[in-house]
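This is the structure:
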């Protein structure tokens, strides 16, 4: 199992607001306009899961397997070619200052790992930055 961790990012928001948005996959509705249609298609989601197709990789999905309120959201792969676990960790250090770290553990054989490892870290850091800069107050129900 290979482990990859993002840089720790800072969100100008409290952990409750972030957790409430990220722990419900239906909030993807608010983010669809940010997803490049030429890369991601067939997006289907409910409260606990999300399935989609990535060009040229194919179909894949994730589902939430654990929620620790205001601290951690754990996901696992679902109907994906490569098995992986992914989690988002939140730590509020002050009012409107929450730190975010992403971790991925994936079942990668040696050949695949050597090909994708240089790409995973930058993607994970970009995703952590994107999550940190979301306007969470706009997504509150």
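Numbering (our numbering), first residue to last: 133 to 273. We put the beta carbon where it would ideally sit given N, CA and C, even for glycine.
Exposure of residue i, with buried meaning 16 or more beta-carbon neighbours within 10 Å
i, result
"residue 144", "exposed"
"residue 230", "buried"
"residue 260", "buried"
"residue 196", "buried"
"residue 154", "buried"
"residue 263", "buried"
"residue 136", "buried"
"residue 240", "buried"
"residue 242", "exposed"
"residue 332", "Residue 332 is absent from the model: the chain starts at 133 and stops at 273."
6 Å CB neighbourhood of residue i in its chain, flanking five on each side removed
i, result
"residue 192", "212"
"residue 221", "204 and 233"
Proximity below 8 Å, CB of residue i to CB of residue j
i, j, result
"residue 224", "residue 156", "no"
"residue 257", "residue 139", "yes"
"residue 245", "residue 134", "yes"
"residue 178", "residue 158", "yes"
"residue 170", "residue 194", "no"
"residue 201", "residue 151", "yes"
Same chain only: Cβ atoms within 7 Å of residue i, ignoring 5 sequence neighbours per side
i, result
"residue 219", "204, 205, 206, 207 and 235"
"residue 227", "146"
Nearest-angstrom Cβ-Cβ length linking residue i and residue j, presumed shorter than 8 Å
i, j, result
"residue 186", "residue 172", "6 Å"
Close beta carbons around residue i, own chain, < 8 Å, minus the five adjacent residues each side
i, result
"residue 216", "208, 209, 236, 237, 238 and 239"
Suppose only complete runs of 3+ residues qualify. What are the beta strand (DSSP E) ranges in the region 153-239, listed by chain order? 172-177, 181-186, 190-200, 204-209, 216-226 and 229-238
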